């Protein structure tokens with residue numbers, strides 16, 4: 085516990101601090117840049133890019149050894165990674181343009197072929213120069229713990245670059261991501277703007293290769309933006325949030341792997357990001373699964389309640405708004421719910437102040453509930469009239485749609501319905517329909 | 002983006018040719034457009050009269066959207082020349098506004114209605130400059146003209162189809178152009194939106210603008226538009242609605258299959274794919 089606190093407050097020793105800060109910076113850069121890949125629907129392109137970097141790394145190593153340079157010099161390897169990474173992206177674009185291949189297929193092909201080539205080169209190196217191969221395989225899985233202060237500084241520069249670029253070019257980037265043809269017609273150089281966005285992805289990917297590895301760096305580009313998307317509907321906020329989630333994942337993940345023995349940092353970082361994503365997808369207020377399930381359930385409960393109120397209104401003359409347990413159960417079954425759900429319907433009606441419980445396990449609908457029942461009944465008839473007389477649908481076929489629509493008609497829609505029906509000379513049911521006549 | 006490439010020599014502007022006039026906001030000369038080498042529009046010659054509402058009408062696959070996109074340089078024409086007030090597209094661009102098809106974008110995008118309309122002002126801002134308060138106010142005014150001001154802050158996926166279409170129209174208004182291209186603005190919209198669009202079109206006409214609109218509803222052509230282009234892989238007829246929008250011309254556009262043009266396009270496509278050369 086104490087150790088975890090030390091690491092999190094950056095007091096866990098020089099090396100650990102460097103790693104934690106460096107990965108946080110990488111996470112920030114990837115989170116910001118990844119937003120544009122997501123919005124341009126190019127997240128998978130980043131995947132292809134990182135895999136395509138592997139043959140470049142291996143090839144650069146071989147070339148450097150052949151030229152008798154010291155094998156594993158980082159800049160050389162990263163240049164190699166950039167070259168084949170970009171080559172991979174260009175191949176995808178060429179395949180899509182020149183053949184009738186769809187982009188997903190083209191990405192799949194390029195990704196696997198380039199990665200395969202990289203593995204072949206790696207195993208060749210393993211055979212002929214095993215001392216270099218050990219270092220190179222880090223590009224696949226990453227070697228976060230070995231991050232140097234210079235690497236961390238590079239990450240910081242990268243993060244600054246991403247934030248500045250996103251800030252300055254927010255307008256251009258969102259325009260092209262949202263509507264590239266409009267941008268082109270308007271005179272914006274769409275290819276150049278695309279190139280800038282792609283260049284940012286390339287730089288972050290290549291820089292992240294040796295830190296978290298080529299498989300994990302993609303996750304850093306993809307997961308933070310989609311997690312952030314759950315929380316906001318504004319592009320600028322999305323970028324800030326995504327950067328924050330990326331940075332947080334790097335910070336927490338690297339700290340956790342420093343404390344836990346045998347937990348490779350790259351994987352822990354991605355798992356952290358994945359956890360944030362899972363929480364976001366469940367708990368986000370508007371787009372989250374819990375919120376949308378709740379809304380859906382609430383609507384169905386309202387519809388069920390409406391049925392009860394409508395029934396009570398229709399039989400008002402006989403039993404003065406009293407409904408028994410069997411009738412509630414019937415409404416529940418009508419909604420496709422088990423009969424015991426009647427209890428929930430009753431509870432919701434009581435909660436909304438539309439009814440109170442009666443002795444028979446049913447409800448006694450109050451005046452406010454009966455009024456709502458009258459409205460529902462009238463909406464039902466309006467819509468039925470409209471469908472039969474205006475939309476030319478057979479009366480026997482309207483039930484399902486009526487059942488859905490009557491509960492969601494808004495004031496303006498009702499007014500429009502009424503005027504449409506009047507224009508056709510069709511009797512509009514009066515506001516106070518007599519329940520007993522039905 | 003690629004500028005409209007033309008294989009004709011540019012030495013002569015179209016306006017000096019006797020058949021084209023230099024007051025015309027849009028002159029198309031001998032334009033043929035092909036997708037994947039398969040021609041979809043043949044040999045279009047057209048001069049848009051200024052200050053008119055012009056409908057582009059024709060059956061599915063007639064090349065209506067293609068005509069607009071080729072004029073705007075989104076698809077390079079295989080041959081031919083397009084000029085705006087006697088200038089190239091590049092020079093005239095700041096006077097041209099565009100409403101793309103609504104389905105051409107992903108509406109689950111993290112921007113508000115106002116943000117989208119502000120995009121119409123971007124070209125007045127230049128690189129790296131954020132939208133100023135004045136431009137935001139102008140965009141707001143455009144939203145108001147299509148009756149969408151109360152929904153300005155709403156995220157665009159929360160709007161109905163008709164409301165989304167009005168946002169696109171407001172964005173084009175924000176471009177403050179003299180010539181507008183609109184791709185099916187009436188497609189799948191509610192009655193309120195249709196009224197709003199028609200009103201805006203009339204406002205544009207009374208302030209001297211020209212509008213070319215791809216239109217699919219034959220019943221409203223006479224009511225909404227001054228001029229019409231009847232299109233089916235070529236211009237079947239064009240001119241004032243009263244003269245051109247006749248039963249006979251419609252028959253020629255929709256009824257008679259253009260067997261020869263369609264067959265020729267097919268033949269070219271087949272030849273490109275290496276089958277049935279010159280049967």
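Protein chains in written order, with this note's numbering: chain A, 85 to 522; chain B, 2 to 280. No residue lacks a Cβ here, since even glycine has one placed at the ideal position from N, Cα and C. Here the structure is a predicted model, which is why all the values come from computation and not from measurement.
Nearest Cα to residue 267 of chain A within the set B/106, B/209 and B/218: B/106. With respect to chain A, the C-beta atom of residue 97 of chain B has a partner C-beta closer than 9 angstroms. With respect to the 9 angstroms criterion, residue 230 of chain B and residue 38 of chain B are not classified as neighbours on the basis of their beta carbons. Under the DSSP assignment, residue 363 of chain A falls in the alpha helix (DSSP H) whose first and last residues are 349 to 367. Note: residue 32 of chain B is bridge-paired with B/45 in the DSSP secondary-structure output.
From the listed residues A/241, A/424, A/438 and A/104, the smallest Cα separation to residue 410 of chain A is found for A/424.
Residue 228 of chain A places its beta carbon less than 9 angstroms from that of residue 350 of chain A.
Rounded to the nearest whole angstrom, the C-alpha separation of residue 157 of chain A and residue 270 of chain A is 45 angstroms. Contact between residue 46 of chain B and residue 25 of chain B is absent: CB atoms are separated by about 12 angstroms, not below the 8 angstroms threshold. Close CB contacts of residue 162 of chain B within its chain, under the 6 angstroms cut and outside five residues either way in sequence, are with 189 (chain order). Cβ neighbours of residue 115 of chain B within its own chain (closer than 8 angstroms, five residues either side excluded): 137, 140, 141, 144, 153 and 154.
For residue 265 of chain A, the nearest CB of chain B lies under 9 angstroms from its own CB, placing it at the interface with that chain. Residue contact check for residue 368 of chain A against chain B: no CB pair falls below 9 angstroms.
Along the stretch 78 to 143 of chain B, the alpha helix (DSSP H) occurs as fully enclosed runs of 4 or more residues at 90 to 93, 114 to 119 and 123 to 126, listed in sequence order. Here the alpha carbons of residue 387 of chain A and residue 443 of chain A stand approximately 24 angstroms from one another. For residue 313 of chain A, the enclosing alpha helix (DSSP H) starts and ends at 298 to 313.
Look at the stretch 185 to 246 of chain A and you find these whole runs of alpha helix (DSSP H), each 4 residues long or longer: 187 to 212, 214 to 220 and 222 to 225.
In the structure shown, residue 410 of chain A falls within a helical segment according to DSSP collapsed to helix, strand and coil. Per the Cβ contact rule, the stretch 161 to 171 of chain A is in contact with the stretch 126 to 140 of chain A (3 or more Cβ pairs under 8 angstroms). Taking the CA atoms as reference points, residue 213 of chain B sits about 9 angstroms from residue 228 of chain B. In the three-state reduction of the DSSP assignment, residue 188 of chain B falls in the coil class, being assigned neither a helical nor a strand state.
Note that the C-beta distance between residue 97 of chain B and residue 182 of chain B is below 9 angstroms. Boundaries for residue 151 of chain B: no beta strand (DSSP E) harbours it, and the DSSP string shows neither H nor E there. Taken through DSSP and simplified to helix, strand or coil, residue 281 of chain A comes out as helix. Within a 10 Å sphere around the beta-carbon of residue 325 of chain A sit 16 or more other beta-carbons, which makes this residue buried. Around the beta-carbon of residue 431 of chain A, fewer than 16 other beta-carbon atoms lie within 10 Å, marking it exposed. Closest in C-alpha terms to residue 158 of chain B, from the list A/234, A/467, A/262 and A/420, comes A/262.
By a beta-carbon distance limit of 8 angstroms, residue 117 of chain A does not contact residue 248 of chain A. Their separation comes to about 12 angstroms. Using beta-carbon distances, residue 268 of chain A counts as an interface residue toward chain B, with a partner under 9 angstroms. Under the three-state reduction of DSSP output, residue 231 of chain B falls in the strand class. Residue 361 of chain A is outside the set of residues whose beta carbon lies under 9 angstroms from a beta carbon in chain B. Think of a sphere of 8 angstroms around the beta carbon of residue 105 of chain B: the chain A residues whose beta carbon falls inside it are 263 and 265, in chain order. For residue 86 of chain B, no CB of chain A lies under 9 angstroms from its own CB, so it is not counted at the interface with that chain. Sequence-distant Cβ neighbours of residue 337 of chain A in its own chain, meaning closer than 6 angstroms and more than five residues away, are 352, 353 and 356. Assignment of residue 260 of chain A by DSSP, reduced to helix, strand and coil, places it in the helix class. Taking 9 angstroms as the threshold, the shortest C-beta distance from residue 187 of chain A to chain B does not fall below it.
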